[in-house]
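Trainee:
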Amino acid sequence: MSDRTVYRMLDDTAAAYPDKPALCQPLGGGKYQTWTWSEFRDAVRLISVGLSTLGVEKGSIVALQSETRAEFYLADLGVMSLGAIAAAMYTSLPFADQAQAIKTSGARVALVPPAGPHSRLQLSAPHRRERHGNVAGGLFCPQNHGPGAGLGAAG
Numbered sequence: 275m276s277d278r279t280v281y282r283m284l285d286d287t288a289a290a291y292p293d294k295p296a297l298c299q300p301l302g303g304g305k306y307q308t309w310t311w312s313e314f315r316d317a318v319r320l321i322s323v324g325l326s327t328l329g330v331e332k333g334s335i336v337a338l339q340s341e342t343r344a345e346f347y348l349a350d351l352g353v354m355s356l357g358a359i360a361a362a363m364y365t366s367l368p369f370a371d372q373a374q375a376i377k378t379s380g381a382r383v384a385l386v387p388p389a390g391p392h393s394r395l396q397l398s399a400p401h402r403r404e405r406h407g408n409v410a411g412g413l414f415c416p417q418n419h420g421p422g423a424g425l426g427a428a429g
């Protein structure tokens with residue numbers, strides 16, 4: 275088996291093209307947030323370290339509840355760089371179906387966007403909400419709490 279992983283390819287690309295644009299997120303009004311390859315790699319590394327401190331390891335399942343946006347790709351690669359499994363949740367599903375999918379997936383952690391007008395899930399205690407630069411969201415550890423604990427419908 276090759277030792278060529280997705281993260282290794284990201285790291286190699288960041289080394290070769292550190293200041294070149296890697297990812298652009300539309301912000302509206304014709305504005306974009308752009309991550310360079312080195313910023314992309316560093317964000318993935320930060321997410322990976324954070325997940326690792328929560329006990330995520332090779333083979334762990336991490337639920338990702340996000341629209342298709344830059345932060346989804348950063349989180350997805352952060353999960354994969356640990357050898358963990360990213361379980362993307364369909365944001366178009368009703369809340370109860372999303373909560374059930376997270377519960378039955380065996381996810382060790384669920385990464386969700388910050389509560390807001392476009393968020394389908396919001397967090398209630400116990401949870402952790404983090405902000406690193408322009409990446410904000412919440413962490414929910416479903417295995418530590420009862421069914422649906424920490425999840426609430428966004429209003």
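First residue of the sequence shown: 275, per our numbering; consecutive thereafter. C-beta atoms are modelled at their ideal positions from N, C-alpha and C, and glycine is treated no differently.
1. Taking the continuous beta strand (DSSP E) assigned at threonine 308, which residues delimit it?
2. Using only the alpha-carbon positions, how far apart do leucine 385 and leucine 297 sit?
3. Flag this pair as touching only if the region 298 to 305 and the region 319 to 332 have three or more C-beta atom pairs under 8 angstroms; answer yes or no.
4. From the DSSP secondary-structure annotation, give me the bridge partner or partners of valine 336.
5. Would you report the Cα separation of alanine 317 and aspartate 286, rounded to the nearest angstrom?
6. Taking the beta carbon of tyrosine 306 as the centre, do at least 16 other beta carbons fall within 10 Å, making it buried, or is it exposed?
7. Kindly give me the distance between the Cβ atoms of serine 334 and alanine 358, rounded to whole angstroms, as I take these residues to be in contact under 8 angstroms.
8. Is it right to say arginine 282 is buried, meaning 16 or more other beta carbons lie within 10 angstroms of its own, or is it exposed?
9. Please state whether the Cβ-Cβ distance between glutamine 250 and methionine 363 is less than 8 angstroms.
10. Can you tell me which of the three DSSP states glycine 352 falls into?
11. Helix, strand or coil: which one does DSSP assign to glycine 302?
12. Rounded to the nearest angstrom, what separates phenylalanine 369 and arginine 382 at their Cα positions?
Mentor: Reading it off the structure:
1. Within the sequence shown, numbered from 1, the residue matching residue 308 stands at position 34. According to the DSSP assignment, threonine 308 belongs to the beta strand (DSSP E) that extends over 305 to 310.
2. Residue numbering aside, residue 385 sits at position 111 when the sequence shown is read from its first letter. Residue numbering aside, residue 297 sits at position 23 when the sequence shown is read from its first letter. Going by the C-alpha atoms only, they are around 20 angstroms apart.
3. Touching, no, given that fewer than three Cβ pairs across the two stretches are closer than 8 angstroms.
4. Within the sequence shown, numbered from 1, the residue matching residue 336 stands at position 62. Beta-bridge pairing links valine 336 to Ala360 and Val383.
5. The residue given as residue 317 occupies position 43 in the sequence shown. The residue given as residue 286 occupies position 12 in the sequence shown. When rounded, the distance between both Cα atoms is 15 angstroms.
6. Counted from its first residue, the sequence shown places residue 306 at position 32. Looking at its Cβ environment, which holds fewer than 16 other Cβ atoms inside 10 Å, tyrosine 306 is exposed.
7. For the purposes of this step, residue 334 is identified with residue 60 of the sequence shown, where counting begins at 1. For the purposes of this step, residue 358 is identified with residue 84 of the sequence shown, where counting begins at 1. Contact flag correct, Cβ pair sits at about 4 angstroms.
8. Working through the sequence shown from its first residue, we reach residue 282 at position 8. The C-beta of arginine 282 has fewer than 16 other C-beta atoms within 10 Å across all chains shown, which makes the residue exposed.
9. The chain is shown from 275 up to 429; residue 250 falls before or after that span and cannot be answered.
10. Position 78 of the sequence shown, counted from the first residue, corresponds to residue 352. In the three-state scheme derived from DSSP, where H, G and I count as helix and E and B as strand, glycine 352 is classed as helix.
11. Counting from one through the sequence shown, the residue named residue 302 turns up at place 28. Three-state result, glycine 302: strand.
12. By 1-based counting over the sequence shown, the position of residue 369 is 95. By 1-based counting over the sequence shown, the position of residue 382 is 108. Inter-residue distance for phenylalanine 369 and arginine 382 is about 19 angstroms (C-alpha atoms, whole angstroms).
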